Amino acid sequence: MFGFFKDKFNNLKETVSNTAQVLVGNIVNSVENEEEFSEFVLDDMEDMLISADLGVNYASELVDRLRNQTKIKPSEVKKYLKDEFLKVLKDAGGNKLKYTDGLNIYFITGVNGAGKTTLIGKLAYKFKNEGKRVLIAAGDTFRAAAEEQLDIWSKRAGADIVRRDKADPASVVYEAIEKASKENYDVILVDTAGRLQNKFNLMEELKKIKSVIDKKAPDALRECILVLDANTGQNGLQQAKVFTEAVNLTSVALTKLDGSAKGAIILAVARELKLPVKLVGVGEKMEDLKAFNSEEFIEALFE
Ligand SMILES: Nc1nc2c(ncn2[C@@H]2O[C@H](COP(=O)(O)OP(=O)(O)O)[C@@H](O)[C@H]2O)c(=O)[nH]1
Ligand SMILES: [Mg+2]
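If you're matching positions, the sequence shown starts at 835 in our numbering and goes up one per residue.
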């Protein structure tokens, strides 16, 4: 029992070790032995927070609060950051992926390459392991290979799939909801396209899918997940804003955290968009999905 938790903790620590170094380690090392928060120290700290991908606004706010005050000493900078980051994560909402006894629809959005289809494979596997009936709606009908890739994932996970080559994505989702209601599925995972080059069309397509879900399954639990690649850093935040305007996002899945030094984007997303991160991708395999937990993440960062 104890060993299990210990291993779990070590894994997370390893996953976030690069982020911990740039976001915490470097700053604490250079600040904690200073006499006071001089302009020089504060500037240095701000630069480091920005290069850790925390965002310019947030970085300067954190530093501004240390200016002209005597309560917090440089030796306490680690605690200052830790308390602050935990609060930001908590204020963004709970980390638990929603699930009810009725039909649950997970609407997966994000730009090409972020990891949407992989996330659907991982979620299908997770829900199948929990004994749920899982249906995948192949709503990325734009790229020829997309449905094929999803088909492979669905077989691997043992989930069923609704796909119709080159059909209107909204009609695929419509069909999936019909099938799910008739055949008592617990979960629908909706894959979507992510070509941001044609932003207007993409957003219209997503709105249309959302309105099909609203009309056809008004009582279903809905979770609208934005998939963000951790390595895109602050760009990811801009993407998030675009998607938030089109659909009502409820949470974020951060992928490719394995090896990334830009995990600070979790904090930027929480602060700027008030969206909780609920899932974290830590590899390309079906089992490389973790439930995100704010306390565990902060402990792993600051340990
Ligand atoms: N290292 C790593 N790679 C990932 C992760 N999630 C997805 N990928 C890879 O990212 C690439 C794009 O993923 P895909 O699911 O096709 O993205 P989509 O275009 O959003 O559907 C693939 O090569 C995946 O194997 C992750 O958590 N970690
Ligand atoms: Mg895809």
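Glycine included, each C-beta is placed from N, C-alpha and C at the ideal position.
These figures come from a predicted structure and were not determined experimentally.
- In terms of Cβ geometry, residue 1117 and residue 1096 do not form a close pair [threshold 8 Å].
- Looking at the backbone, the Cα of residue 981 and that of residue 1022 are separated by about 16 Å.
- Between the alpha carbons of residue 1122 and residue 937 lies a distance of about 25 Å.
- Per DSSP, the continuous beta strand (DSSP E) segment holding residue 972 begins and ends at 968 to 973.
- Judged by DSSP secondary structure, residue 1105 falls within the alpha helix (DSSP H) whose first and last residues are 1099 to 1107.
- A distance criterion of 7 Å places the beta-carbon of residue 951 in contact range of ligand 2, judged by its closest non-hydrogen atom.
- Rounded to whole angstroms, the separation of the alpha carbons of residue 1003 and residue 971 is 9 Å.
- Straight through space, the alpha carbons of residue 1019 and residue 1028 are spaced by roughly 26 Å.
- In this structure, the alpha-carbon of residue 1014 lies about 25 Å from that of residue 977.
- Your pair residue 948 and residue 1098 does not check out as a contact, with CB atoms roughly 18 Å apart and the cut at 8 Å.
- In terms of Cβ geometry, residue 915 and residue 871 do not form a close pair [threshold 8 Å].
- Contact between residue 1087 and residue 953 holds: CB atoms are separated by about 6 Å, below the 8 Å threshold.
- Taking the CA atoms as reference points, residue 945 sits about 43 Å from residue 867.
- The beta carbons of residue 1112 and residue 930 sit about 7 Å from each other, so the pair counts as a contact at 8 Å.
- Between the stretch 1102 to 1112 and the stretch 1077 to 1085, the count of Cβ pairs shorter than 8 Å is three or higher; the stretches touch.
- For residue 1126, same chain residues with a beta-carbon under 7 Å away, outside a window of 5 residues either side, are 929, 1111, 1112, 1113 and 1114 in chain order.
- Just measuring C-alpha positions, the residue of 1124, 878, 1119 and 1103 sitting nearest residue 919 is 1103.
- Residue state for residue 1024 is assigned as strand, using DSSP reduced to three classes.
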